[in-house]
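Protein sequence lines, in the order shown, are assigned to chains P and B.
Start counting the first sequence at 1; every next residue gets the next number (this note's numbering).
Start counting the second sequence at 1001; every next residue gets the next number (this note's numbering).
All C-beta atoms in this analysis are idealised placements derived from N, C-alpha and C, irrespective of residue type, glycine included.
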Amino acid sequence: MRGPGRLQAESRLWGYLFLLGLLALWEVLARAEMVNTLLFPRVSLILTYLGKLLTAGDILAQVAISLARSLSAYLIAALFAISLGIVMGYYRVVYEVVEPFMEMLRPMPIVALIPVIILFLGLGWQMKVFIIFLACVWPILLNTIDGVRGIDAVLVHTARTLGASPMQLLRYVILPAALPVIVTGLRISVATSLILMVISEMIGGMNGIGFFILNAQRKMRVLDMFAGIIILGGIGYLFNFLFRLASNRLIHWHLGMTRLTRR
Amino acid sequence: MRKLWVYLLRTLLFALCVAAWELGARGNPELTEFFPPLSLIFPTAVQSIAQGELPRHLGSSLATFLKAYALAAFIGLTGGVLLGRWRWLFHLFEPPIELLRPLPTPAMIPIAILIFGIDESMRIAITVYACTWPILLNTIDGVRGAEPVLIHTAHTFGASERQLLLKVILRAASPQMVTGLRISLGIALILVVTSEMIAAVDGIGFYILETARNFEVAEMFGAVLVLALLGYLLNKTFVSLEGRAMAWYYGSKKREAR
Chain P
1 MRGPGRLQAE SRLWGYLFLL GLLALWEVLA RAEMVNTLLF PRVSLILTYL
51 GKLLTAGDIL AQVAISLARS LSAYLIAALF AISLGIVMGY YRVVYEVVEP
101 FMEMLRPMPI VALIPVIILF LGLGWQMKVF IIFLACVWPI LLNTIDGVRG
151 IDAVLVHTAR TLGASPMQLL RYVILPAALP VIVTGLRISV ATSLILMVIS
201 EMIGGMNGIG FFILNAQRKM RVLDMFAGII ILGGIGYLFN FLFRLASNRL
251 IHWHLGMTRL TRR
Chain B
1001 MRKLWVYLLR TLLFALCVAA WELGARGNPE LTEFFPPLSL IFPTAVQSIA
1051 QGELPRHLGS SLATFLKAYA LAAFIGLTGG VLLGRWRWLF HLFEPPIELL
1101 RPLPTPAMIP IAILIFGIDE SMRIAITVYA CTWPILLNTI DGVRGAEPVL
1151 IHTAHTFGAS ERQLLLKVIL RAASPQMVTG LRISLGIALI LVVTSEMIAA
1201 VDGIGFYILE TARNFEVAEM FGAVLVLALL GYLLNKTFVS LEGRAMAWYY
1251 GSKKREAR
């Protein structure tokens, strides 16, 4: 291993030790009753409780409900935003006409719309899916528009000159050329979908992991609360990981290309 | 000519939306409770502004927002410069950051309630937590991305660490710092409103949820519109300040592109 690489691995090791030290400090402080253990129970207690909760399985049902909501909303948002974004990016007129409306709607904190949407859709899954959908659309839409507008005009003209049909143009030129930018939007929306999943379940929910965590806090079941938060963190981590895997496969040619040009 | 067409189509679309709302609401009087016509929302909104209820809640939210944003900017920028400048410090903090980063922020709200109760300090804490991330991570990136040539040159000319930091690194990192600050602006507003909805007795988020629960729909829509306007103005203000402060940067980029 080269010098800097080893140095980095070494300092990362220190980082993990630091993290372990922090957790150990929590454990010691809780054991010595120097923090309020009603609010912050020992780490070891939380972890064993988490194990019990996971093997009991009830919590997994809550997680499944939440994931079904966020995933379906995310997929619909992706489909909708990419199609709309391609149209808006490709046809200048559409973009120029719709742009001021987007400027008006975009700064609106989506959360403020939750009560409005509860009025129309009630407290069920439709409300949550719609909220998550709304929030996820923006990053994907804006990135798709950017991506399509940024395509080298020569590519499009060449394909047209060579007699590409509109479908071929879309499939072989526009989509691949815009994909790296679109993927950025898709990645941002992964985090957004989880955030809005939790918020919508906290504000208007009767089940799901977000409701589980807030409800545990309200009933002062602190172990449940911390365990729920850890599970949620695990979901966030897993989603990021899966997304990186998928996007690397999807745009591996792009990553390879930028690496080449950088050299 | 083309500009005129775009302008016409835009106006037409806008008028169409407004008319659809107005007529749709007037045509279904049984829905008025959920879906009042625009011509009813505006007078109600004006009334709740004049009576001082909406401004009071809005003021409370704005105060929370400003305190939290300022604190997050301070923590994010200082922390970012420190972590960006000293690699060992970054590696020390990287595992805890990696552990916390993927956790959706709202999950921290219950913990914040446990620590701070349900008063303003909780709302400030959770907003600071959420807003610090983009500022911190962008600042780290910016500081690390400062051209080595710039730093070496400054060193060669005998710049002290203090001069190096103030005159070279901060300046080189400032575009990314500004990006982080801009991203956090929207996040701050969202978290203020969210935390007010989950645990508060004042603030615009509380007001919107409360009016919705009491079926005071016109008041609710009025508050939502005011909030959207606030978000719009905050963003506009930021962008215009950014344009002024970073004019040198955009100018230099334009020259490079030529």
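Distance, Cα to Cα, residue i vs residue j?
| i | j | result |
| --- | --- | --- |
| Trp26 (chain P) | Leu19 (chain P) | 11 Å |
| Ile1113 (chain B) | Glu1196 (chain B) | 12 Å |
| Met1122 (chain B) | Leu1058 (chain B) | 18 Å |
| Arg1244 (chain B) | Ser1252 (chain B) | 14 Å |
| Ala1172 (chain B) | Tyr1249 (chain B) | 9 Å |
| His1155 (chain B) | Gln1163 (chain B) | 10 Å |
| Ala56 (chain P) | Leu223 (chain P) | 15 Å |
| Arg187 (chain P) | His254 (chain P) | 16 Å |
| Val129 (chain P) | Phe1157 (chain B) | 59 Å |
| Tyr49 (chain P) | Phe133 (chain P) | 34 Å |
| Pro1102 (chain B) | Leu53 (chain P) | 21 Å |
| Leu1185 (chain B) | Ala1070 (chain B) | 10 Å |
| Ile1097 (chain B) | Met206 (chain P) | 31 Å |
| Arg263 (chain P) | Ala1228 (chain B) | Because the pLDDT of Arg263 (chain P) is 46, which lies under 50, any placement of that residue in the model is unreliable, and the question is left without a value. |
| Ala216 (chain P) | Met225 (chain P) | 5 Å |
| Ala297 (chain P) | Val137 (chain P) | Lying before the first or after the last residue shown, residue 297 (chain P) is absent from chain P, which here runs from 1 to 263. |
| Phe1090 (chain B) | Leu13 (chain P) | 12 Å |
| Leu232 (chain P) | Ile151 (chain P) | 38 Å |
| Leu1023 (chain B) | Leu105 (chain P) | 22 Å |
| Ala1130 (chain B) | Leu1077 (chain B) | 14 Å |
| Gly234 (chain P) | Gln1176 (chain B) | 29 Å |
| Ala177 (chain P) | Leu1150 (chain B) | 34 Å |
| Arg1087 (chain B) | Pro1148 (chain B) | 15 Å |
| Arg2 (chain P) | Ala135 (chain P) | At Arg2 (chain P) the pLDDT is 43, less than 50, meaning the model places this residue with poor confidence; the figure from the coordinates comes in the next sentence. Taking the straight line from one Cα to the other gives about 45 Å. |
| Trp125 (chain P) | Glu1210 (chain B) | 22 Å |
Taking residue i as part of the alpha helix (DSSP H), name the residues at either end of that continuous run.
| i | result |
| --- | --- |
| Thr1156 (chain B) | 1148-1156 |
| Asn1138 (chain B) | 1120-1144 |
| Gln1176 (chain B) | 1170-1198 |
| Ile231 (chain P) | 222-250 |
| Val1224 (chain B) | 1217-1245 |
| Lys219 (chain P) | Note, Lys219 (chain P): premise wrong, no alpha helix (DSSP H); not H, not E. |
| Met104 (chain P) | 92-105 |
| Thr1044 (chain B) | 1038-1050 |
| Arg160 (chain P) | 153-161 |
| Ala1019 (chain B) | 1002-1027 |
| Trp1088 (chain B) | 1087-1100 |
| Tyr1207 (chain B) | 1204-1213 |
| Thr192 (chain P) | 175-204 |
| Arg149 (chain P) | 125-149 |
| Phe120 (chain P) | 114-121 |
| Tyr49 (chain P) | 43-56 |
Do residue j and residue i count as a contact pair if the criterion is CB distance below 8 Å?
| i | j | result |
| --- | --- | --- |
| Ile110 (chain P) | Ala1212 (chain B) | no |
| Ile1124 (chain B) | Ala1068 (chain B) | yes |
| Val63 (chain P) | Ile195 (chain P) | no |
| Gly1084 (chain B) | Arg1144 (chain B) | yes |
| Met127 (chain P) | Ser200 (chain P) | yes |
| Ile1135 (chain B) | Gly1205 (chain B) | no |
| Gly185 (chain P) | Leu250 (chain P) | no |
| Ala1045 (chain B) | Val1226 (chain B) | yes |
| Leu1189 (chain B) | Leu1233 (chain B) | no |
| Arg1266 (chain B) | Pro1043 (chain B) | This structure cannot speak to residue 1266 (chain B), because chain B is shown only from 1001 to 1258. |
| Val181 (chain P) | Gly147 (chain P) | yes |
| Thr192 (chain P) | Pro139 (chain P) | yes |
| Thr144 (chain P) | Ile213 (chain P) | no |
| Ile1118 (chain B) | Ala1063 (chain B) | no |
| Glu1053 (chain B) | Phe1215 (chain B) | no |
| Leu123 (chain P) | Gly204 (chain P) | yes |
Our contact map puts residue i next to residue j with C-beta atoms below 8 Å; I'd like the distance itself, whole angstroms only.
| i | j | result |
| --- | --- | --- |
| Ser66 (chain P) | Met202 (chain P) | Not quite, the Cβ-Cβ distance comes to about 11 Å (not below 8 Å), so this is no contact. |
| Ser1048 (chain B) | Glu1219 (chain B) | 5 Å |
| Ile1208 (chain B) | Ala112 (chain P) | 6 Å |
| Val1224 (chain B) | Phe1065 (chain B) | So it is not a contact: roughly 17 Å between Cβ atoms. |
| Leu169 (chain P) | Val156 (chain P) | 7 Å |
| Gly236 (chain P) | Pro1104 (chain B) | 6 Å |
| Ile1041 (chain B) | Gly1222 (chain B) | 6 Å |
| Thr1132 (chain B) | Ala1072 (chain B) | 5 Å |
| Pro1106 (chain B) | Thr1194 (chain B) | 6 Å |
| Leu1092 (chain B) | Gly228 (chain P) | Incorrect: roughly 29 Å between the Cβ atoms, too far for contact. |
| Ile1183 (chain B) | Val1128 (chain B) | Actually they are not in contact, since the Cβ atoms of Ile1183 (chain B) and Val1128 (chain B) sit about 15 Å apart, beyond 8 Å. |
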